[in-house]
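>
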Amino acid sequence: IVYSAFDAEGTWMLREELQEMLEEMPWYKGYNLWEYYYMHMRKFAEVLTDMERRGIRVDAKDYLAGIEVQARIDRKGHVETFRNWAYGQTGIDGLAINPASSNQLGTFLFGGARNTKTKEKTEITRVFKTLREEIPDEAMELYKQRDSAEREVSINDGTGERQPDEFDSMKATQLKALCKEYGLKVAGNKADLQERLRGHFLSVGQDQNDSEQDDFESMTVAELKGVCATRGLPTSGTKKVLLDRIRQDVSFALELLSASAEGSIDGYRSISQALEEVAANDGGTLQEILSEIKAKSEEEPKWVDVSITSLGMEPTKFTAGGAPSCTADVLRGLAGDPFAVPPQYGTAYNFFGGGERGHEACVALYSLTAIGSIDTMIANFLTSLQYLADHDSRVHGSINLNTETGRLSSRRPNLQNQPALEKDKYQIRKAFQASPGNNLIVADYGQLELRLLASMTDCTSMIEAFEAG
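FYI, in my numbering the residues of the sequence shown are 608 to 1076.
Structure (structure tokens):
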């Protein structure tokens, strides 16, 4: 309340100071600028505040909402046109390109071009981490098919390299829990634990099984010494020492078995099969871990790596940092207007060798320019007008007098920046309507500034010229 009181008092004091200043500024015939303001500008200010208060009616609920739906349908069609063409140029990653990302487009179109500031060449191939929701389902399905095919090739290519298995997806705590449950040595790093467990489960059905650990536990000291002698191990020590010695030797043997089976397709598959069989029979910790791994493997990733390779086109414009620019005018220069009669192709036509390939490239890049135009239309006009319309479907722009040029400006919404008639593809201007029983008059006051100047200075020659037309 105190702040508001000071603010109001300060505003009044400022108004008084301005009046004194205007009273000291002569106008004409003995009048000063304060009198000019009082006779003319005060009424003009009242008109502006009336305009703000009353606003202007827009058909937001029906007309603008319908236009937005159509604009989004058109945008989807243009995105599909561009991505399908990009897919034909670079493969699956072309389907995942974000047409609104200048970085991705810069790499796709102009990768390999030299930065004008650093003199270094930009990347020809670049990997972009992209949110899953930005990737079309079609691309995700193709990614999965590609990864599956690559795994099959890797398994069957005879390289002898072990393929990832369930143990690679386990945490160290989970690996230790399994080792403890199956009587294996718990010490060691993650890789040691994995190899130990692989060897254990590879040994299932090969004259070794889980009960062997129980057999050792039930043996007498004399029997344990016999096992040690058979395995070439020292025979001295207590029962606990003998048990630890035998189990360490078993773990080592299992690791050797795992290492020797790494290049075997049958060995690799037997691990998964053995895990499933043991989990089905025993349940317990293994079943819980495998269920968790399966659930995670079925989840879609939050991020997807999209690898974009350049087409190698020549940039015509650069950013302030020296990188190739992908602004709307650059894209229009590449695309031209392939739908004009006759077609007015851009520079991409010759780059792709003309003919059908050149035409398809210009059509795809034309769709790219259309996406940007539609995005601007939706953000600046369609959604903002709908959001700002009140319960009477009227928008109330805020008018500003304090501009550098002396002209009026408006914001929330900017009613002076509606689409030009020749660019108003969706006829947004038709949304502005008069209330029932009224007419909306559109007029343009020619040479307004000069007329105001003639009025303020009472310049006879200027006034006569305007009156004469």
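Glycine included, C-beta positions come from ideal geometry on N, C-alpha and C.
Check this for me: beta carbons of GLN1025 and ARG1036, under 8 Å apart or not?
yes
> Does DSSP put ARG661 in a helix, in a strand, or in coil?
helix
> If we ignore side chains and look at the alpha-carbon of each, how far apart do GLU883 and LYS903 end up?
17 Å
> Identify whether LEU1047 lies in helix, strand or coil by the three-state DSSP scheme.
coil
> Roughly how many whole angstroms lie between the Cα atoms of GLU627 and GLU1074?
Computed Cα separation, rounded: 35 Å.
> The alpha helix (DSSP H) spanning TRP641 covers which residue range?
First-last of the alpha helix (DSSP H) with TRP641: 640-643.
> Using only CA atoms, which one of THR729, ASP666, THR697 lies nearest to PHE925?
Closest option to PHE925, Cα to Cα, is THR729.
> Which same chain residues, not among the five before or five after HIS998, have their C-beta less than 6 Å away from its C-beta?
Result list for HIS998: empty, nothing under 6 Å.
> Quickly, what does DSSP pair LEU738 with across the bridge? List them, please.
TRP910
> Below 7 Å CB to CB, which residues in the same chain sit around ALA746 once its five sequence neighbours on both sides are set aside?
ILE699, LEU702, ALA703
> Quick check: what's the CA-CA separation for GLY870 versus PHE946?
No answer about GLY870 holds up, because its pLDDT of 44 lies below 50 and its placement is not dependable.
> With DSSP as the reference, label ILE704 as helix, strand or coil.
Looking at ILE704 - three-state DSSP - the assignment turns out to be coil, as it is neither helix nor strand.
> Please state whether DSSP places THR827 in a helix, a strand or coil.
coil
> Any idea what DSSP makes of ILE605, helix, strand or coil?
There is simply no residue 605 to check, as the chain begins at 608 and stops at 1076 in what is shown.
> Could you spell out where the beta strand (DSSP E) holding ASN1007 opens and where it closes?
1005-1007
> Please check the pair SER917 and THR714, which I expect to be a contact at CB under 8 Å, by giving their CB distance rounded to whole angstroms.
6 Å
> Where does ASP614 land, buried or exposed, given buried means 16+ other C-beta within 10 angstroms?
exposed
> Taking the alpha-carbon positions, what's the ILE1070 to MET646 distance?
Within the model, the alpha-carbon separation for ILE1070 versus MET646 is close to 19 Å.
> Less than 8 Å between the beta carbons of ARG803 and CYS786, yes or no?
yes
> By how many angstroms is the C-alpha of THR827 removed from the C-alpha of GLY874?
For GLY874, the predicted model reports a pLDDT of 44, less than 50, meaning its position is unreliable and no value from the coordinates is stated.
> Where does TYR994 land, buried or exposed, given buried means 16+ other C-beta within 10 angstroms?
exposed
> Measuring alpha carbon to alpha carbon, tell me which residue in THR934, ASN691, LEU655, VAL937 is nearest GLU967.
ASN691
> How should LEU941 be labelled, buried or exposed, when 16 other C-beta atoms within 10 angstroms of its C-beta is the threshold for buried?
LEU941 comes out buried.
> Quick check on the burial criterion: 16 or more other C-beta atoms within 10 angstroms. Buried or exposed for ALA986?
exposed
> Going by C-alpha to C-alpha distance, which of ILE731, TYR644, THR923, GLN752 sits closest to GLY719?
ILE731
> How many Å lie between ASP1077 and ASN796 at the Cα?
Absent from the structure is residue 1077, since the part of the chain shown begins at 608 and ends at 1076.
> How about GLU653 and THR990: do their beta carbons lie closer than 8 Å?
no
> Grab the span of the beta strand (DSSP E) containing ARG1018 for me, first residue to last.
Looking at the DSSP string, the run of the beta strand (DSSP E) that includes ARG1018 is 1016-1018.
> Using DSSP with H/G/I as helix, E/B as strand and the rest coil, what is TYR994?
helix
> Between the segment 631-648 and the segment 976-984, do three or more beta carbon pairs fall short of 8 Å?
no
> Alpha carbon to alpha carbon, how far is ASP889 from LYS846? Give it in angstroms, no decimals.
29 Å
> So if DSSP puts PHE689 in a beta bridge, which residue, or which two residues, is it bridged to?
Paired residue(s): none; PHE689 is not in a bridge.
> Starting from ALA971, trace the alpha helix (DSSP H) both ways and give me its first and last residue.
962-984
> Would you report the Cα separation of LEU897 and ASP936, rounded to the nearest angstrom?
55 Å
> From PHE1039 to LEU972, what does the alpha carbon distance come to, in whole angstroms?
One Cα belongs to PHE1039, the other to LEU972, and the distance between them is close to 33 Å.
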